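Residue numbers (my numbering): 14 to 168.
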């Protein structure tokens with residue numbers, strides 16, 4: 014990956030629907046060269062997918078919480094992950110090191126629906142402890158991060 018690939022990623026991160034002609038004009042590259050580079054970025058797995066970012070507040074999901082979960086034993090991990098993956102209110106699930114085994118990011122409508130999610134999580138076999146933190150405000154939110162600029166010279 015080089016500086017031009019970085020600039021293409023930067024443009025697509027800002028607007029994934031930006032066409033190759035416009036991107037090429039911004040970075041002094043032909044449309045066909047931009048298309049070829051995008052294909053290479055896709056084939057190499059750097060670009061995983063294109064998606065719409067839904068403003069959760071506009072659909073009534075304005076309560077964000079993090080639920081820390083401890084399981085009794087790692088043998089429960091697989092079933093726990095399966096259950097969590099089937100819950101549409103869990104935005105993220107991370108296996109972590111530290112005092113807990115997992116951290117879940119939950120996006121929901123209200124305290125009542127958060128309570129329902131907590132009851133669901135606690136009902137999963139092997140869950141021994143949960144701790145919840147409710148987000149008061151979000152100061153930074155990035156869907157994806159670009160590679161570090163310092164890794165590319167002459168930008």
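We put the beta carbon where it would ideally sit given N, CA and C, even for glycine. Here the structure is a predicted model, which means the values were calculated and not measured.
Integer-rounded CB distance, given that residue j should sit under 8 Å from residue i
| i | j | result |
| --- | --- | --- |
| residue 76 | residue 149 | Actually they are not in contact, since the Cβ atoms of residue 76 and residue 149 sit about 10 Å apart, beyond 8 Å. |
| residue 100 | residue 133 | 7 Å |
| residue 147 | residue 104 | The pair is not a contact, with the Cβ atoms about 14 Å apart (cut-off 8 Å). |
| residue 102 | residue 119 | 5 Å |
Sequence-distant residues of the same chain with beta carbon closer than 8 Å to residue i, five excluded per side
| i | result |
| --- | --- |
| residue 159 | 19, 22, 23 and 26 |
| residue 112 | 81 and 83 |
| residue 92 | 137, 138 and 139 |
6 Å Cβ shell around residue i - same chain, five flanking residues per side excluded
| i | result |
| --- | --- |
| residue 157 | none |
| residue 85 | 139 and 141 |
Sheet register partners of residue i (DSSP bridge)
| i | result |
| --- | --- |
| residue 127 | According to DSSP, residue 127 bridges with nothing at all. |
| residue 146 | 79 |
| residue 140 | 84 |
Sequence-distant residues of the same chain with beta carbon closer than 7 Å to residue i, five excluded per side
| i | result |
| --- | --- |
| residue 89 | 138 and 139 |
| residue 107 | 115 and 116 |
| residue 142 | 83 |
| residue 50 | 17, 18 and 21 |
is_contact[residue i, chain D] using C-beta, thresh 8 Å
| i | result |
| --- | --- |
| residue 46 | Of the protein chains in this structure there is only one, and it is not chain D. |
**OP:** Write down every uninterrupted run of the alpha helix (DSSP H) in the stretch 52-121 whose length is 4 residues or greater and which is fully enclosed by it, in chain order.
**Re:** 90-98
Original post:
Contact between the stretch 31-46 and the stretch 55-70: three or more CB pairs below 8 Å?
Top reply: no
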